[in-house]
Every structure is written in C-alpha cells, then in structure tokens.
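Down below is the structure, laid out as structure tokens.
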Amino acid sequence: MPTSEPALGAGAVVIIPFPYADRLAEKRRPAVVISNASVAAAGFVWIAMITSARNAPMADDLPIADLARAGLAKPSVVRPLKIACIDGSRVVRRAGDLDPAAAEHLFDRVRSLIGRA
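Just so you know, the working numbering puts 1340 at position 53 of the sequence shown, and the rest follows in order with no gaps.
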C-alpha cells in the first residue's frame, strides 16, 4: 500500500493476497485488520479472512451487516477461524471499515479462539 496512505487500524477492511490454509497459493480477497499499532510498527498486519456468505458456513463466521461501509459488493462473512500475518506492503488497498460494534464482536471472537497459550 502506498506510504502516503494512513496506517491501517483494527477493523479496516483491506484487499490482500490471502494465503490458502491447505496449499501454497494465494487469492486476492478482502480481509479485516485485527492487529494494533504495535504490530503495524513492526511492519506486519494481522488479518481475518472475509468470504462470500454463499460459501459453506463455519461455526464462528460473523455476517457483515453494513456492506457499503465495509466496501463490499455482496453478502459476506468474516471468518475468524482463518487468520494470517502478512507484511504490511502486501496490502493492495483499503476497501472500507467494519462498523465499530461488528469490529468489537470480531475482536472478542478472536480473543476467545486464541485463549491462553
């Protein structure tokens, strides 16, 4: 992403090359930033996958209600079971933002899935 753009905060919807979980390949798709400024300062972005709502659901999927605010064209869900860490330079562009309540719900869900190591 061009350096003239502002830093991406948690809850931003971005377009990135998201890595597949089951093979060495990527697909350009939307994702939600779930990391904070400390991660960004290190040059990384933690993201949660966004997928079309028509795909087979997973237990922890969260529907995105405000598609326009998120910059999405069709019904979609955030998939907190699929998170990744990417280099910040791999962000293609910012599409929009989750509404604050949806973002907090996502962050709570991710925290509950991570638990204590």
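Ideal Cβ positions, reconstructed from N, Cα and C, are used throughout, including at glycine.
Hey, out of the options, whose CA is closest to residue i's CA?
i	options	result
Ala1371	Val1319, Ala1329, Pro1387	Val1319
Arg1316	Leu1400, Arg1377, Pro1344	Arg1377
Asp1353	Met1345, Ala1382, Asn1342	Ala1382
Lys1314	Met1336, Ala1327, Ser1325, Leu1400	Met1336
CA-CA distance, residue i and residue j?
i	j	result
Gly1298	Gly1358	12 Å
Pro1387	Asp1309	32 Å
Pro1306	Lys1369	10 Å
Arg1356	Pro1362	13 Å
Ala1312	Ile1351	26 Å
Please go through the same chain and pick out, in chain order, the residues whose beta-carbon is closer than 8 Å to the beta-carbon of residue i, but skip the five residues on each side of it.
i	result
Arg1396	Asp1347, Leu1349, Pro1367
If I measure Cβ to Cβ from residue i and keep anything under 7 Å in the same chain, skipping five residues before and after, which residues do I get?
i	result
Gly1330	Asp1374, Gly1375
Asn1323	Ala1297
I'd like the list of long-range same chain contacts for residue i, defined as Cβ closer than 6 Å, with 5 residues on each side in sequence excluded.
i	result
Asn1342	none
Val1365	Val1319, Ala1335, Ile1337, Leu1349, Leu1393
Length at least 4, wholly inside the stretch 1313–1347: the alpha helix (DSSP H) runs in chain order = 1324–1328
What runs of the alpha helix (DSSP H), each 4 residues or longer, lie entirely inside the stretch 1338–1393?
-> 1354–1357
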